[in-house]
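Contents: one structure, followed by commentary.
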Amino acid sequence: MPSPAGHLTEMDKKRVEKLIKFVGLDKPSPKEGNVAYKSASDMRVEKRMETAKIAREYKEIYKNLHDTAKPLFHTALKTIVKGTGLWSIWMHEMEDIPELKGILLNLLPGTRLEYFR
65 MPSPAGHLTE
75 MDKKRVEKLI
85 KFVGLDKPSP
95 KEGNVAYKSA
105 SDMRVEKRME
115 TAKIAREYKE
125 IYKNLHDTAK
135 PLFHTALKTI
145 VKGTGLWSIW
155 MHEMEDIPEL
165 KGILLNLLPG
175 TRLEYFR
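Take 65 as the starting number for the sequence shown in my numbering and just add one per residue.
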């Protein structure tokens, strides 16, 4: 389960906790194959898991690209991330690649850069 970063102020930690609850990140996914899973209308957890898997695959592709192909990848990444609407998942998966982290940090207007030291 996600939780606020340790370097945040207490007020910001409370805001993050409210956001986590608001968007349902605190809800565990029903176990696959049981009745609750089949009838679940809230499939956000599954969508996040699938997006994380895709992001990891793209990360591995990026690591193996020749430098001349990377600008094209950057453009595609922006389009994909905007299309999925799950920026934070992509950010988490790409955070150890500085150039991709930079692209993601500058992708959405209003992103508070000080939260991503």
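We put the CB at the ideal spot given by N, CA and C, even for glycine.
The model shown is predicted, which means the values in this text are computed figures rather than measured ones.
Between the Cα of V80 and the Cα atoms of I125, S152, H130 and G147, which residue gives the shortest distance?
-> Of the listed residues, the one whose Cα sits closest to V80 is S152.
Under the rule that 16 or more other beta-carbon atoms within 10 Å means buried, what is R176, buried or exposed?
-> exposed
The alpha helix (DSSP H) spanning R108 covers which residue range?
-> R108 to K127
Please classify L83: does DSSP put it in a helix, a strand, or coil?
-> helix
With DSSP run on the structure shown, which of helix, strand or coil describes D90?
-> When DSSP states are grouped into helix, strand and coil, D90 belongs to the coil group.
Compare the beta carbon distance of E157 and K134 with 7 Å and say whether it is the shorter of the two.
-> no
DSSP three-state assignment for G166, whether helix, strand or coil = helix
List the endpoints of the continuous alpha helix (DSSP H) containing T139.
-> K134 to T148
Residues in its own chain within less than 7 Å of V145 by CB, not counting five upstream and five downstream?
-> W151, W154, L168 and L171
Indicate the three-state DSSP secondary structure (helix, strand or coil) for I161 in the structure shown.
-> coil
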